[in-house]
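Worksheet: one structure, shown below.
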Amino acid sequence: MADLSATYPAVSDLRRKARRRIPHFAYEFMDAGTGQDHTFARNIADLERVQLSPRALRGPVARDLSTVFLGQRYDAPFGMAPAGGTGMIWPGGECILAEVAATSGVPYTLASVATQTPEVIGPIADGRGWFQFYPMADKEIQKAVLRRAQEAGFENLVVTVDVPKMSRRERQMRAGFQMPPRLTPRMVLQALANPGWTRAMLQTGRPELATLTPYFAHVPAADRMAEIGRQLHPEPGWDEVERIRKVWRGKIILKGIMHRDDAVMALDKGADAIWVSNHGGRQLDAAPSAISVLPGIRAAVGNDAAIIFDSGVRSGLDIARAIASGADFVMLGRPFLYALAAGGKDTVQLCVRILSDELENVMAQVGAQYPADLPLALVRT
Ligand SMILES: Cc1cc2nc3c(=O)[nH]c(=O)nc-3n(C[C@H](O)[C@H](O)[C@H](O)COP(=O)(O)O)c2cc1C
């Protein structure tokens, strides 16, 4: 591990390595925002502007990163956000991420459009898994999928509410990657330039949406992905939360809240937590940065409401900035995917270490003993 942290001291180093190790279309699928990446860039730039005040002579402090969130104790106040199609970024990627999350004591969120099922990931996540779900047009399939996730041991259900329709991702389109994915000669050439990825892909088999595909076995293979896509984004209303509440016995988190009125409504409708996120800049290229709306949402819902934050977090310092700005828990999408693509299990473990070390170090600089002390360090500009 010592060598690895010299090679990759920060998430940006993992990102650079990822770019070289996987085919261009897979990298662009993972990294792209929507449109011209304005929201993607704003997320990062606005986080960098959040300042924390150093404190002096606080004496020795027994710092403790562990955090209780929604009744569960985690070793750190951060975890892995859901990523559909992770198996295309690196074959078997969901299993690697879930295993490292479980051994590191942080949550892993399995996407309903991942390439692994809740039955496979539930036991690996060892009671710490969260299951992410897009409301579906067919309510019988919806109930069946939720039942499977519950039976596989997932306690927290993450309902993503910020994808009324798939967005246009121009970088992804330019790289030749289409939705639904179709293998083109151009993609084959890109794959051949990355023999390690191609070998792993040939061993694992072509990735598919493993959880949902069985419900669409009757649809011809060529049309299946398109049909699943049509099922996934029925532009639901608030009644959907009540419908899901009737089926799901565990906690419900609404992911993709960016407006204070939506945050208040989410809690009124029975959500246990809200997840402030603009989907990592992947949906609306005119959206404000997620960090810029976080303090207003915290003020609107009050101190007792549980808030998760993501979008643009690239370091332990950013985790501290988000907690200082009103988050109880912070999730990261691309950083763990970069780590996965850069070198598999070892670099995903390294990513957890980098984030924990950075966070612990920042807490030392600002005199915080617990993550919950961080709001005291926020410089209000
Ligand atoms: C490749 C990729 C796939 C994603 N798939 C999903 C998904 O299936 N469901 C979902 O709710 N969010 C999905 N997201 C969004 C992430 O959960 C998260 O909100 C976002 O990545 C956070 O921003 P960050 O990447 O800057 O950390 C995806 C993100 C990426 C990069």
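Numbering-wise, my numbering puts 292 at position 271 of the sequence shown, and it's gapless, one number per residue. For each residue, glycine too, the CB sits at the ideal point set by N, CA and C. Quick caveat: nothing in here was measured; it's all calculated off a predicted structure.
Query                                                                                                                                                               : Result
According to the neighbour-count rule (16 or more other Cβ atoms, all chains shown, within 10 Å of its Cβ), is Glu408 buried or exposed?                            : In the structure displayed, the chain extends from 22 to 402; residue 408 sits before or after that span and is not available.
Can you tell which of Phe330, Ala243 and Ala39 has the C-alpha that lies nearest to the C-alpha of Ala284?                                                          : Phe330
When the distance is taken between beta carbons, is Pro156 closer than 9 Å to Glu261?                                                                               : yes
Measuring only from the beta carbon, is Asn215 closer than 8 Å to any heavy atom that is part of ligand 1?                                                          : no
Return yes when the Cβ of Pro356 is within less than 9 Å of the Cβ of Leu35, no when it is not.                                                                     : yes
Can you tell me the Cα-Cα spacing of Ala83 and Gly105, whole angstroms?                                                                                             : 38 Å
To which residues does DSSP link Thr181 through a beta bridge?                                                                                                      : Lys276
In angstroms with no decimal places, state the Cα-to-Cα distance between Gly170 and Ser336.                                                                         : According to the sequence shown, residue 170 is Ala rather than Gly. Between Ala170 and Ser336, the C-alpha separation is close to 31 Å.
Are the segment 378-393 and the segment 63-82 in contact at 8 Å, needing three or more beta carbon pairs?                                                           : yes
Let me check one thing: in DSSP terms, what residues is Trp11 bridge-paired to?                                                                                     : Outside the displayed span of the chain (22 to 402) sits residue 11, for which this structure offers no information.
Checking 9 Å against the spacing of the C-beta atoms, do Gly317 and Arg281 come in under that value?                                                                : yes
Can you grab the Cα-Cα spacing for the pair Ile295 / His254, in whole Å?                                                                                            : 20 Å
What does the alpha-carbon distance come out to for the pair Gln57 and Asp306?                                                                                      : 7 Å
Can Asn324 be considered in contact with ligand 1, in the sense that its beta carbon sits closer than 8 Å to one or more heavy atoms?                               : no
Measure the Cβ-Cβ separation of Glu191 and Gln93 and say whether it is below 9 Å.                                                                                   : no
Can the beta-carbon of Ala97 be found less than 9 Å from the beta-carbon of Val373?                                                                                 : yes
Which residues bound the beta strand (DSSP E) around Gln153?                                                                                                        : Gly150 to Phe154
Roughly how many angstroms separate the alpha carbons of Gln153 and Thr28, rounded to a whole number?                                                               : 33 Å
Answer yes or no: the CB of Gln137 versus the heavy atoms of ligand 1, is any distance below 8 Å?                                                                   : no
Please state whether DSSP places Gly317 in a helix, a strand or coil.                                                                                               : helix
Is there contact here, the segment 348-367 with the segment 36-43, by at least three beta-carbon pairs under 8 Å?                                                   : yes
Would you tell me roughly how many angstroms separate the C-alpha atoms of Pro241 and Ala146, rounded to the nearest one?                                           : 33 Å
Quick one: complete alpha helix (DSSP H) runs, 4+ long, within the segment 169-235?                                                                                 : 191-195, 206-213 and 216-225
Report all residues from its chain with a CB closer than 6 Å to the CB of Ser310; omit the five preceding and five following residues, and keep chain order.        : Arg63, Asn64 and Asp67
Quick check: is any heavy atom of ligand 1 less than 8 Å from the C-beta of Lys160?                                                                                 : no
Just list the alpha helix (DSSP H) runs in the segment 237-273, keeping only unbroken ones of 4 residues or longer that don't cross its boundaries, in chain order. : 242-253 and 260-268
By Cβ distance, which residues of its chain are closer than 6 Å to Tyr236, with the 5 residues on each side in sequence left out?                                   : Ile162
Would you kindly check if the distance between the Cβ of Glu49 and the Cβ of Gln199 is under 9 Å?                                                                   : no
Quick one: complete beta strand (DSSP E) runs, 3+ long, within the segment 53-106?                                                                                  : 88-90, 93-95 and 99-101
Per DSSP, Met384 is paired with what?                                                                                                                               : Its beta-bridge partners do not exist; DSSP assigns none.
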